[in-house]
Amino acid sequence: MNETYQCERKEETVYYKIGLFSKMNRVTIKALRHYDEIGLLAPAFIEKFTGYRYYTSEQLPILHQILALREMGFTLDEIKQIQGGVPEKELLQKKKLEIIKKIAADTLRLAQVESYLSKSEASTGEYHIILKELPQVIVASMRTMIPGYDALFHVIPPMGAEMERLGCVCAVPEYCFNIYHDGEYRETDIDVEICEAVTEKKADSELLTFKVIDCVENAACVLHKGPYEGFPKAYNAVLKWVENNGYEIIDNPRESYIDGLWNKDSAEDWLTEIQFPVRKIC
9 MNETYQCERK EETVYYKIGL FSKMNRVTIK ALRHYDEIGL LAPAFIEKFT GYRYYTSEQL
69 PILHQILALR EMGFTLDEIK QIQGGVPEKE LLQKKKLEII KKIAADTLRL AQVESYLSKS
129 EASTGEYHII LKELPQVIVA SMRTMIPGYD ALFHVIPPMG AEMERLGCVC AVPEYCFNIY
189 HDGEYRETDI DVEICEAVTE KKADSELLTF KVIDCVENAA CVLHKGPYEG FPKAYNAVLK
249 WVENNGYEII DNPRESYIDG LWNKDSAEDW LTEIQFPVRK IC
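Mapped onto my numbering, the consecutive letters of the sequence shown carry residue numbers 9 to 290.
In structure tokens, the structure reads:
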């Protein structure tokens with residue numbers, strides 16, 4: 009049979025076999041069959057006895073719309089919405105915003121890659137800074153002034169004992185962190201709030217306050233492995249990253265203690281995450 013089929017009922021209409029229609033439009037037969045299955049583009053005519061599928065030139069605008077929208081990143085479901093009556097302009101505007109957001113995200117990733125590749129003095133060295141969300145948490149909180157970081161080893165045990173007395177249950181995964189209300193790294197006279205995530209609030213005591221700390225949408229975070237004396241290097245790495253990548257710090261930094269004296273024999277194995285709440289500068 010010829011590649012084209014002249015319909016007896018409509019002599020002016022030329023029907024193209026699926027193979028020829030596929031070649032004409034550079035789309036696979038498999039794709040055409042799939043478009044038929046999901047209701048995007050059905051054949052104009054199917055021979056009763058052979059099952060051969062035929063298409064007409066009148067279907068070309070429909071196919072070209074499908075292919076153009078696919079090229080722009082539209083899903084088949086979104087294209088079906090347009091065919092179902094949703095204004096094409098409305099979905100194009102939505103897609104435009106999605107692409108703009110993706111470009112912004114990719115631009116940030118590119119800046120991060122360039123930052124890591126850089127060997128200049130502004131480089132963050134061995135520290136890798138990431139952006140992530142800090143979840144909303146209920147905490148048992150104790151705010152105090154300490155003369156230096158070593159004092160934490162003496163302050164935290166009484167806090168743990170008070171939590172046990174009040175029947176506190178630690179959240180899972182555990183999230184133990186300090187908030188430094190000085191807003192910067194200090195070696196002496198440190199205004200610190202020690203927080204332990206718990207499953208529910210208890211009545212406040214002389215030592216502890218219970219409260220909800222809101223979610224932080226974006227925090228610039230870096231892992232520091234080793235003794236706490238090395239924190240200044242980690243802090244400087246985050247501050248350089250924030251400056252170089254167009255962010256600003258919007259709240260006090262946190263130190264999240266992952267591994268420490270309680271589970272590691274060597275201070276070299278202590279692991280802490282420094283967390284700075286930030287936002288992108290417009």
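For glycine and all other residues, C-beta sits at the position ideal for the given N, C-alpha and C.
- Taken atom to atom, the span from the alpha-carbon of A245 to that of E263 is near 14 Å.
- The shortest CA-to-CA distance from L174 to any of I154, G156, K209 is the one to K209.
- Counting only unbroken stretches of 4 or more residues, the alpha helix (DSSP H) elements lying wholly within the stretch 97 to 182 are 160 to 173, in sequence order.
- Burial check for I87: the Cβ neighbour count within 10 Å reaches 16 or more, so the residue is buried.
- Listed in chain order, the non-local C-beta contacts of Y135 below 7 Å within the same chain comprise V230, A242, A245, local neighbours out to five positions each way being set aside.
- Annotation: I187 to D199 spans about 9 Å, alpha carbon to alpha carbon.
- Spatial neighbours of G238 in its own chain (CB-CB distance under 7 Å, excluding positions within 5 residues in sequence) are listed in chain order as H232.
- Annotation: R287 is outside any alpha helix (DSSP H); the continuous beta strand (DSSP E) that includes it extends over 279 to 288.
- When rounded, the separation of the alpha-carbon atoms in H72 and K110 is 26 Å.
- For Y243, the uninterrupted alpha helix (DSSP H) run begins and ends at 239 to 252, by DSSP.
- The DSSP-derived three-state label of N33 is helix.
- By the neighbour-count criterion, in which a residue is buried when 16 or more other Cβ atoms sit within 10 angstroms of its Cβ, C184 is buried.
- Taking Y236 as reference, the option from E281, I146, E214 with the minimal CA-CA separation is E281.
- Listed as beta-bridge partners of S264 by DSSP are F185, E281.
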